[in-house]
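Engineer:
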């Protein structure tokens with residue numbers, strides 16, 4: 001096992017470490033629920049948490065460089081790392097975090113901010129860097145679905161503009177904490193229910209706040225399969241979001257989606273329904289590729 | 299003290315009892331935090347909770363009628379009371395709930411449902427009945443702001459159509475449970491911030507999901523007074539809602555607002571900004587008036 005460097009995706013809720021070979025291949029992956037928020041709430045000893053996770057990869061006589069991205073660079077994280085300002089080339093600025101251990105060095109990628117409209121990202125810029133690592137001439141529109149979904153325009157290797165949509169967080173709040181929690185459950189999915197709801201709010205975004213209450217009323221009056229209600233709730237949110245992203249979508253023939261397979265399925269289904277072509281990349285792979293780009297200096 | 303009947307507003311979170319005279323005047327008010335949800339979670343002995351609250355008003359040798367409305371008639375409440383179906387005259391159907399005590403009789407008003415689009419109300423129909431009690435010839439549009447804001451069309455004494463908007467619940471979830479909770483706080487209010495945000499999403503409802511994240515980003519990048527952020531969050535929600543209610547608003551010159559003074563202020567400010575005239579009634583007073591209407595059989 002010849003570990004050349006370690007890729008670290010340290011977000012709010014998860015910590016994902018990947019041991020990389022000199023030639024950029026994945027040797028091993030380790031994952032922990034000790035996300036930034038949990039470690040911060042437990043006193044913030046980020047170095048010890050990291051060393052405990054990657055201990056099997058370390059040796060006393062060698063220093064392995066760790067390249068990190070995500071909310072670990074936020075104010076509440078290990079060390080606050082300044083944002084780069086769009087338009088900018090993603091994942092080009094690194095900040096070194098001093099460590100007590102000599103077995104590792106730690107560098108964190110800068111997030112990206114936008115002054116107007118005010119917006120921020122931490123972690124997604126690395127995934128965008130990953131798309132550029134695989135395709136250095138990439139020009140176009142990237143959508144990164146998640147808790148705070150980003151839509152970013154990339155031109156000449158730079159993030160020129162982006163918008164964050166709170167759809168993912170709103171879905172969780174509505175499904176788990178609102179009156180809809182009595183009507184939404186299950187792991188299943190219904191594409192038809194999703195698409196119908198998506199088109200409803202895509203065509204009439206202002207109907208969103210009454211459509212979501214209607215999900216509860218329909219269940220009370222007629223009893224609705226909670227999987228159908230869940231798929232519709234997701235559809236109403238995506239209709240509102242994708243209508244809001246039209247200013248970007250209308251300029252491009254293809255939307256490049258970066259994220260987890262489950263989330264990408266709904267975005268792909270919705271966009272394809274509008275006859276917009278999509279191309280998908282795994283979010284995890286793009287994070288590692290983006291960190292590979294910065295560690296190799298390409 | 300000559301109590302003729304008791305008006306009961308028993309909602310999800312609160313229980314409000316009002317002792318009424320024969321001539322429809324308020325003698326005394328009592329209030330408790332033992333809303334329907336709390337009593338249901340504690341075993342559901344609604345009769346004991348009610349008797350404990352209104353005990354000072356009761357005597358062993360007299361039966362006092364209690365007229366109730368609200369979520370107390372829901373499935374999880376004291377006894378499930380069927381909905382009346384719109385179009386219908388509000389607060390005309392009563393269901394008697396059997397009690398062990400001979401000191402009271404309890405009647406609960408039917409809620410109102412709408413088949414398509416599916417919608418329900420429990421309590422607001424009584425407030426609409428209150429508007430009709432004060433003005434039997436009322437025809438027009440009534441907006442009842444709250445956790446689940448209702449917009450209802452009243453024609454010839456009937457609720458002909460209505461829509462529920464989840465703005466109030468969404469405001470609470472976003473302000474208290476989302477990433478925005480770090481940026482929203484305080485009891486103050488800023489009308490200018492509210493109006494600016496209201497117009498933003500009223501004109502561009504599909505911007506809602508990105509506008510609300512921008513509140514967080516602006517605070518991170520520039521630091522925003524949490525009162526300003528709170529007022530803007532409220533404005534973005536009302537812009538989305540009021541655009542969604544346009545199909546009703548465009549048919550009427552006046553919107554009749556029924557609710558608490560604080561909530562009515564924001565709706566009045568927003569609607570007046572669109573040059574729509576508003577008329578305001580207190581929600582508590584309309585509940586009592588609606589129950590007065592049904593108990594007096596007018």
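Chains as they are written, first to last, in our numbering: chain Z, 1 to 298; chain A, 299 to 596. Ideal Cβ placement from N, Cα and C applies to all residues, glycine included.
Short check: CB of residue 515(A) to CB of residue 120(Z), under 7 Å?
Structural biologist: Translated into positions along the second chain, residue 515(A) becomes position 217. Translated into positions along the first chain, residue 120(Z) becomes position 120. Yes, the pair counts as a contact, with Cβ atoms nearer than the cut-off.
Engineer: Which residues of chain Z have a Cβ atom closer than 7 Å to the Cβ of residue 380(A), listed in chain order?
Structural biologist: Taking the second chain and counting its residues from 1, the one referred to as residue 380(A) is at position 82. Those do not exist, as residue 380(A) stays about 11 Å from chain Z at its closest Cβ, beyond 7 Å.
Engineer: Mind checking if residue 207(Z) is an interface residue toward chain A, Cβ cutoff 7 Å exclusive?
Structural biologist: On the first chain, residue 207(Z) is found 207 positions in, with the first residue counted as 1. Yes, because at least one Cβ of chain A sits closer than 7 Å to the Cβ of residue 207(Z).
Engineer: How many Å lie between residue 248(Z) and residue 374(A) at the Cα?
Structural biologist: By one-based count along the first chain, residue 248(Z) stands at place 248. By one-based count along the second chain, residue 374(A) stands at place 76. Going by the C-alpha atoms only, they are around 47 Å apart.
Engineer: Under a three-way DSSP split, which group does residue 138(Z) fall into?
Structural biologist: Here residue 138(Z) is taken as the residue at index 138 of the first chain, counted from 1. Residue 138(Z) falls in the coil class under three-state DSSP.
Engineer: Mind listing the chain Z neighbours of residue 510(A)? Cutoff is C-beta to C-beta under 8 Å, in chain order.
Structural biologist: What you label residue 510(A) is simply residue 212 of the second chain in a count that begins at 1. Under the 8 Å cutoff, chain Z gives 166.
Engineer: With DSSP collapsed to three states, give me the class of residue 345(A).
Structural biologist: Within the second chain, the letter at position 47 stands for residue 345(A). If DSSP states are grouped into helix, strand and coil, residue 345(A) belongs with the helices.
Engineer: Would a check of beta-carbon distances place residue 417(A) closer than 7 Å to chain Z?
Structural biologist: Taking the second chain and counting its residues from 1, one reaches residue 417(A) at position 119. Closer than 7 Å: yes.
Engineer: Could you please give me the residues that DSSP links to residue 314(A) through a beta bridge?
Structural biologist: Position 16 of the second chain, counting from 1, holds the residue named residue 314(A). BP columns for residue 314(A) point to 307(A) and 329(A).
Engineer: Residue 234(Z) and residue 208(Z) - do their beta-carbons sit closer together than 7 Å?
Structural biologist: Residue mapping note: residue 208(Z) aligns to position 208 of the first chain, counting from 1. Residue mapping note: residue 234(Z) aligns to position 234 of the first chain, counting from 1. No, Cβ-Cβ distance for residue 208(Z) and residue 234(Z) is not below 7 Å.
Engineer: Ignoring anything shorter than 3 residues or poking outside the stretch 68-126 of chain Z, list the beta strand (DSSP E) runs there in chain order.
Structural biologist: List check, beta strand (DSSP E) in window: 94-97, 104-109, 112-114 and 119-121.
Engineer: Can you find a C-beta in chain Z that's less than 7 Å from the C-beta of residue 408(A)?
Structural biologist: Here the question's residue 408(A) lines up with position 110 in the second chain. So no, residue 408(A) is outside the interface.
Engineer: Got a sec, what are the start and stop residues for the alpha helix (DSSP H) residue 477(A) sits in?
Structural biologist: Residue mapping note: residue 477(A) aligns to position 179 of the second chain, counting from 1. Looking at the DSSP string, residue 477(A) is not in any alpha helix (DSSP H), and its letter there is neither H nor E.
Engineer: In whole angstroms, what separates the C-alpha of residue 475(A) from that of residue 482(A)?
Structural biologist: Position 177 of the second chain, counting from 1, holds the residue named residue 475(A). Position 184 of the second chain, counting from 1, holds the residue named residue 482(A). Distance between the alpha carbons of residue 475(A) and residue 482(A): 11 Å.
Engineer: Can you tell me whether residue 231(Z) is buried or exposed, with buried defined as 16 or more other CB within 10 angstroms of its CB?
Structural biologist: The count along the first chain starts at 1 and reaches residue 231(Z) at position 231. Buried, since its Cβ has 16 or more Cβ neighbours within 10 Å.
Engineer: Taking the alpha helix (DSSP H) that residue 302(A) belongs to, which residues open and close that run?
Structural biologist: Reading the second chain from its first residue, position 4 is the one you call residue 302(A). Segment: none, residue 302(A) is in no alpha helix (DSSP H) and carries neither H nor E.
Engineer: Check the C-beta distance from residue 555(A) over to residue 573(A) and give it rounded, since I have them as a contact under 8 Å.
Structural biologist: Walking along the second chain from the start, residue 555(A) turns up at place 257. Walking along the second chain from the start, residue 573(A) turns up at place 275. Between residue 573(A) and residue 555(A) the Cβ distance is about 16 Å, and since that is not below 8 Å, they are no contact.
Engineer: As a quick exercise: from 147(Z), 157(Z), 49(Z) and 211(Z), pick the residue whose alpha carbon is nearest that of residue 134(Z).
Structural biologist: Working through the first chain from its first residue, we reach residue 134(Z) at position 134. Here the closest residue by C-alpha is 157(Z).
Engineer: List the endpoints of the continuous alpha helix (DSSP H) containing residue 217(Z).
Structural biologist: Here residue 217(Z) is taken as the residue at index 217 of the first chain, counted from 1. Unbroken alpha helix (DSSP H) run through residue 217(Z): 208-222.
Engineer: So residue 190(Z) contacts chain A; which residues on that side make the cut at Cβ distance below 9 Å?
Structural biologist: For this step, residue 190(Z) is matched to residue 190 along the first chain. Neighbours of residue 190(Z) on chain A: none; closest Cβ ~18 Å, over 9 Å.
Engineer: Alpha carbon to alpha carbon, how far is residue 22(Z) from residue 289(Z)? Give it in angstroms, no decimals.
Structural biologist: Position 289 of the first chain, counted from the first residue, corresponds to residue 289(Z). Position 22 of the first chain, counted from the first residue, corresponds to residue 22(Z). Straight-line Cα distance between these residues: approximately 13 Å.
Engineer: Taking 7 Å as the cut-off, decide whether the C-beta atoms of residue 260(Z) and residue 283(Z) are in contact.
Structural biologist: Locating residue 260(Z) in the first chain gives position 260, counting from the first residue. Locating residue 283(Z) in the first chain gives position 283, counting from the first residue. Yes. Within cutoff.
Engineer: Name the residues in the stretch 554-570 of chain A whose C-beta lies less than 7 Å from a C-beta of chain Z; which are they?
Structural biologist: Here the close residues number zero.
Engineer: Do residue 376(A) and residue 352(A) have their C-beta atoms within less than 7 Å of each other?
Structural biologist: Here residue 376(A) refers to the residue found at position 78 when the second chain is read from its first residue. Here residue 352(A) refers to the residue found at position 54 when the second chain is read from its first residue. No, the pair does not count as a contact, with Cβ atoms beyond the cut-off.
Engineer: Using a cut-off of 9 Å between C-beta atoms, extract the partners of residue 515(A) located in chain Z.
Structural biologist: Against the second chain, residue 515(A) aligns to sequence position 217. Near residue 515(A) (Cβ distances below 9 Å), the residues of chain Z are 113, 114, 117, 118, 119, 120 and 164.
Engineer: Report the residues of the stretch 171-184 of chain Z with a CB closer than 7 Å to any CB of chain A, ordered along the chain.
Structural biologist: Under the 7 Å Cβ criterion, the stretch 171-184 of chain Z contributes 173, 177, 178 and 179.
Engineer: What residues match up with residue 65(Z) in a beta bridge as DSSP calls it?
Structural biologist: Counted from its first residue, the first chain places residue 65(Z) at position 65. Note: residue 65(Z) sits in a beta bridge opposite 105(Z).
Engineer: Which of the three DSSP states, helix, strand or coil, is assigned to residue 573(A)?
Structural biologist: Residue mapping note: residue 573(A) aligns to position 275 of the second chain, counting from 1. If DSSP states are grouped into helix, strand and coil, residue 573(A) belongs with coil.
Engineer: Three Cβ pairs or more, each shorter than 8 Å: is that satisfied between the stretch 397-409 of chain A and the stretch 436-445 of chain A?
Structural biologist: Flag = no, the stretch 397-409 of chain A and the stretch 436-445 of chain A do not touch.
Engineer: If we require 4 or more residues per run, which alpha helix (DSSP H) segments fall completely within the stretch 229-298 of chain Z?
Structural biologist: You should have 246-249, 261-273 and 283-296.
Engineer: Who does residue 155(Z) pair with in a DSSP beta bridge?
Structural biologist: Looking up residue 155(Z) in the first chain gives position 155. Bridge partners of residue 155(Z): 158(Z).
Engineer: Assign residue 58(Z) to one of three DSSP states: helix, strand, or coil.
Structural biologist: Within the first chain, residue 58(Z) is the residue found at index 58, counting from 1. It is coil, neither helix nor strand.
Engineer: By how many angstroms is the C-alpha of residue 263(Z) removed from the C-alpha of residue 499(A)?
Structural biologist: The sequence position of residue 499(A) within the second chain is 201, counting from 1. The sequence position of residue 263(Z) within the first chain is 263, counting from 1. Cα-Cα distance, rounded: 26 Å.
Engineer: Which residues in chain Z sit within 7 Å of residue 539(A), going by Cβ to Cβ distance?
Structural biologist: On the second chain, residue 539(A) is found 241 positions in, with the first residue counted as 1. 209, listed in chain order.
Engineer: Regarding residue 571(A) and the ligand ADP, is the C-beta to nearest heavy atom distance less than 6 Å?
Structural biologist: This structure does not include the ligand ADP; it has no bound ligands of any sort.
Engineer: Name the residue from 240(Z), 213(Z) and 6(Z) whose alpha carbon lies nearest to the alpha carbon of residue 19(Z).
Structural biologist: Looking up residue 19(Z) in the first chain gives position 19. The shortest Cα separation from residue 19(Z) among 240(Z), 213(Z) and 6(Z) belongs to 6(Z).
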